[in-house]
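Undergrad: So for the sequence shown, our numbering puts the first residue at -18; every next one is plus one.
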Amino acid sequence: MSIIPKGGTLHIREVWADNLEHEFELIREIVDDYPYLAMDTEFPGVVVRPVGTFKSSADYHYQTLRANVDMLKLIQLGLTFSDEEGNLPRCGTRDYCVWQFNFREFNLKEDVYAQDSIELLRDSGIDFQANEERGIDSQRFGELLMSSGIVLNESVHWVTFHSGYDFGYLLKLLTCQNLPAREAEFFNLLRTYFPTVYDIKYLMKFCDNLHGGLNRLAEMLEVERIGPCHQAGSDSLLTSCTFRKLKAGFLNGSTEKYAGVLVVSWHAPIPPEWCVVLCRMDFVCGLCVVIRMGTSAGGQVRQWLERLADLSGGPRGLPLPPLAGRKRPRDSCHQIDLALEDWLLPGLEELVCQDVDELA
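This is the structure in structure tokens:
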């Protein structure tokens, strides 16, 4: 399956400092008609791991993300716009358009990076010298992004794959600041700038027999790549087409109830903010979904429930279900539902009546 109709051609629009403002003019013109926005970034890898004591594995993974995003610099950003049916814009040309933004701040001679990541990007065709000489100033990019209509807009649906780092770099550009110290503050910012987000890595949890990274998933879904792997424009296009195939073939054409959950760590899915799940779904249903996800990620049900209690402001919450700390047989989800119902319903009214902001 290709997102480009038979006989059509694709133009990956390379964006540099000298054509940045013109390309943003085009984006402002098309965003209302093509509100699905698939995004991918290229950056210098993961180079540091935090040390110390952390409240949870989620806190550790966020602090890892934060330390790396604060230290490193974005190299490339790819954006693919599409409409409800998956059609791409042409922008007054014969070709379908995808955007690839090249940034200038990263310097191979001065900046820290992961060697394997840079070799991968170099092998994919990224010209670091050209980026340094012709690349975009990230501060100017952030200014134009703010006025583009694609952020702070609930009508724009951001589509990503394993996107914690992607959004970390974008928030750094938009705010001109390092990332917040607390994970909850990070997701408050995320919800403000990017109100509607779909992370394919999270959606895969609800699809049988789907696993692996973006390239592996695309192969399993028979999605054709156009352009070089590990360049942000091509990767964003592959993300867009994979999302369409996943939505149509596995999610009954509807993804709304899965919005708002990112995969932040490299190891396990972490709900970005409980209030996002609770606002988007029925309370009990939303909690059960996350608990099922926690079980599939390694049986950490008790950790999820304790985290919910912390975020709800309760005294470590209500007594945990007796089943929460044990390994599950195959009917684990049913047992969790029963235990959860007995545990949650007595205190549900008080918990739900809290102001949503307090849940963060």
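Here a beta-carbon is modelled for each residue, glycine too, at the ideal position from N, C-alpha and C. These numbers come from a predicted model, not from an experiment.
(1) Go through its chain and collect everything with a Cβ distance to Val79's Cβ below 6 Å, but skip five positions before and after it.
(2) Reducing DSSP to helix, strand and coil, say where Leu89 ends up.
(3) Below 8 Å between beta carbons: does that hold for Ser221 and Val140?
(4) Could you tell me if Asn49 is buried or exposed, where buried requires 16 or more neighbouring beta carbons within 10 angstroms of its beta carbon?
(5) How close, in whole Å, do the beta carbons of His211 and Ser105 come, if the pair is a contact with beta carbons under 8 Å?
(6) Look up Gly59 in the DSSP assignment and give the residues it is bridged to.
(7) Is Tyr179 helix, strand or coil when you go by DSSP?
(8) Let me know the secondary structure DSSP gives Glu(-5) once reduced to three states.
(9) What is the rounded straight-line gap between the Cα of Asp216 and the Cα of Gly33?
(10) For Lys36 and Lys153, what's the separation of their Cα atoms in angstroms?
(11) Going by C-alpha distance, which of Leu155, Leu101, Tyr94, Gln110 is nearest Gln120?
(12) Note down, in chain order, each residue of its chain lying with its Cβ closer than 6 Å to the Cβ of Lys54, except the 5 sequence neighbours on either side.
(13) His192 lies in the alpha helix (DSSP H); which residues open and close that run?
(14) Bridge partners of His138, per DSSP?
(15) Distance, Cα to Cα, Glu135 vs Val12?
(16) Looking at the structure shown, is Phe148 part of a helix, part of a strand, or coil, going by DSSP?
(17) Could you tell me the alpha carbon to alpha carbon distance between Gly123 and Cys157, rounded to whole angstroms?
(18) Taking just the CA atoms, how far does Asn112 sit from Glu(-5)?
(19) Going straight from the alpha carbon of Ala320 to that of Asp189, what length do you get?
(20) Tell me, to the nearest whole angstrom, how far the beta carbon of Tyr17 is from that of Pro31; I am working on the premise that it is less than 8 Å.
(21) Apply the 10 Å Cβ neighbour rule to Asn0 and answer buried if 16 or more other Cβ atoms are within range, or exposed otherwise.
(22) Quick one: is Asp338 buried, meaning 16 or more other Cβ sit within 10 Å of its Cβ, or exposed?
(23) Among Lys228, Arg172, Ala199, which has the Cα closest to the Cα of Phe187?
(24) Gln57: buried (16+ other C-beta within 10 angstroms of its C-beta) or exposed?
(25) Could you spell out the range, first to last residue, of the alpha helix (DSSP H) harbouring Asp64?
(26) Could you compute how far the alpha carbon of Pro25 sits from the alpha carbon of Leu102?
(27) Restricting to Cα atoms, I'd like to know which of Gly116, Phe82, Leu89 is closest to Glu4.
(28) When we look at the beta-carbon of Arg71 and count the other beta-carbons within 10 Å, is it buried (16 or more) or exposed?
(29) Do you know how far the Cα of Asp14 is from the Cα of Gly73?
(30) Less than 6 Å between C-beta atoms, sequence neighbours within five positions excluded: which residues of the same chain meet that for Leu125?
TA: Once the coordinates are examined:
(1) Here residue 79 corresponds to residue number 98 of the sequence shown, with the count starting at 1. Residues of the same chain with a CB within less than 6 Å of the CB of Val79, apart from the 5 flanking positions on each side, are Ile(-7), Thr61, Gly214, Leu218 in chain order.
(2) Locating residue 89 in the sequence shown gives position 108, where the first residue counts as 1. Judged by DSSP in its simplified three-state form, Leu89 adopts coil rather than helix or strand.
(3) Mapped onto the sequence shown, residue 221 falls at position 240. Mapped onto the sequence shown, residue 140 falls at position 159. Contact: yes.
(4) Against the sequence shown, residue 49 aligns to sequence position 68. So Asn49 counts as buried.
(5) On the sequence shown, position 230 is the one that residue 211 refers to. On the sequence shown, position 124 is the one that residue 105 refers to. With a Cβ gap of about 4 Å, His211 and Ser105 count as contacting.
(6) If you number the sequence shown from 1, residue 59 lands on position 78. Under the DSSP definition of a beta bridge, Gly59 partners with Asp21, Gln81.
(7) Sequence index remark: in the sequence shown, residue 179 carries index 198 (1-based). Three-state DSSP puts Tyr179 in a strand.
(8) The sequence position of residue -5 within the sequence shown is 14, counting from 1. Strand at Glu(-5).
(9) Residue 216 sits at position 235 when you count from the first residue of the sequence shown. Residue 33 sits at position 52 when you count from the first residue of the sequence shown. The straight-line gap from Cα to Cα measures roughly 35 Å.
(10) Here the question's residue 36 lines up with position 55 in the sequence shown. Here the question's residue 153 lines up with position 172 in the sequence shown. Here the alpha carbon of Lys36 sits roughly 24 Å from the alpha carbon of Lys153.
(11) Position 139 of the sequence shown holds residue 120. Leu155 is the residue among Leu155, Leu101, Tyr94, Gln110 whose C-alpha sits nearest the C-alpha of Gln120.
(12) Translated into the one-based positions of the sequence shown, residue 54 becomes position 73. Here the set comprises Glu86, Phe87.
(13) Position 211 of the sequence shown, counted from the start, is the residue given in the question as residue 192. From DSSP, His192 is part of no alpha helix (DSSP H); its letter is neither H nor E.
(14) Your numbering for residue 138 matches position 157 in the sequence shown. In the DSSP output, where bridge partners are listed per residue, His138 has Tyr17, Thr177.
(15) In the sequence shown, counting from the first residue as 1, residue 135 sits at position 154. In the sequence shown, counting from the first residue as 1, residue 12 sits at position 31. Between the C-alpha atoms of Glu135 and Val12 there is a straight-line separation of about 12 Å.
(16) Within the sequence shown, numbered from 1, the residue matching residue 148 stands at position 167. If DSSP states are grouped into helix, strand and coil, Phe148 belongs with the helices.
(17) The sequence position of residue 123 within the sequence shown is 142, counting from 1. The sequence position of residue 157 within the sequence shown is 176, counting from 1. So the alpha carbons of these two residues sit roughly 8 Å apart.
(18) Taking the sequence shown and counting its residues from 1, the one referred to as residue -5 is at position 14. Taking the sequence shown and counting its residues from 1, the one referred to as residue 112 is at position 131. Roughly 11 Å separates the two Cα atoms.
(19) Numbered from its first residue, the sequence shown carries residue 320 at position 339. Numbered from its first residue, the sequence shown carries residue 189 at position 208. Because Ala320 carries a pLDDT of 45, less than 50, the predicted location of this residue cannot be relied on, and no value is offered for it.
(20) Sequence index remark: in the sequence shown, residue 17 carries index 36 (1-based). Sequence index remark: in the sequence shown, residue 31 carries index 50 (1-based). No, Tyr17 and Pro31 are not in contact; Cβ-Cβ is about 35 Å, not under 8 Å.
(21) As a first step, residue 0 is located in the sequence shown; it is residue number 19 there, counting from the start. By the neighbour-count rule (16 or more Cβ atoms within 10 Å), Asn0 is not buried but exposed.
(22) Working through the sequence shown from its first residue, we reach residue 338 at position 357. Any reading at Asp338 is ruled out, since the residue's pLDDT is 33, under 50, leaving its predicted position unreliable.
(23) As a working note, residue 187 is residue 206 in the sequence shown. In this structure, Lys228 is the residue among Lys228, Arg172, Ala199 with its C-alpha nearest to the C-alpha of Phe187.
(24) Taking the first residue of the sequence shown as position 1, residue 57 is located at position 76. Within 10 angstroms of the beta-carbon of Gln57 lie 16 or more other beta-carbons, which makes it buried.
(25) Your numbering for residue 64 matches position 83 in the sequence shown. Counting along the chain, no alpha helix (DSSP H) covers Asp64, and no H or E run does either.
(26) On the sequence shown, position 44 is the one that residue 25 refers to. On the sequence shown, position 121 is the one that residue 102 refers to. Taking the straight line joining both Cα atoms gives about 9 Å.
(27) Position 23 of the sequence shown, counting from 1, holds the residue named residue 4. Ranking the options by Cα distance to Glu4, first place goes to Phe82.
(28) Within the sequence shown, residue 71 is the residue found at index 90, counting from 1. Exposed, because fewer than 16 other Cβ atoms sit within 10 Å of the Cβ of Arg71.
(29) To locate residue 73, count along the sequence shown from 1; it is residue 92. To locate residue 14, count along the sequence shown from 1; it is residue 33. Taking the CA atoms as reference points, Gly73 sits about 14 Å from Asp14.
(30) Your numbering for residue 125 matches position 144 in the sequence shown. Here the set comprises Phe5.
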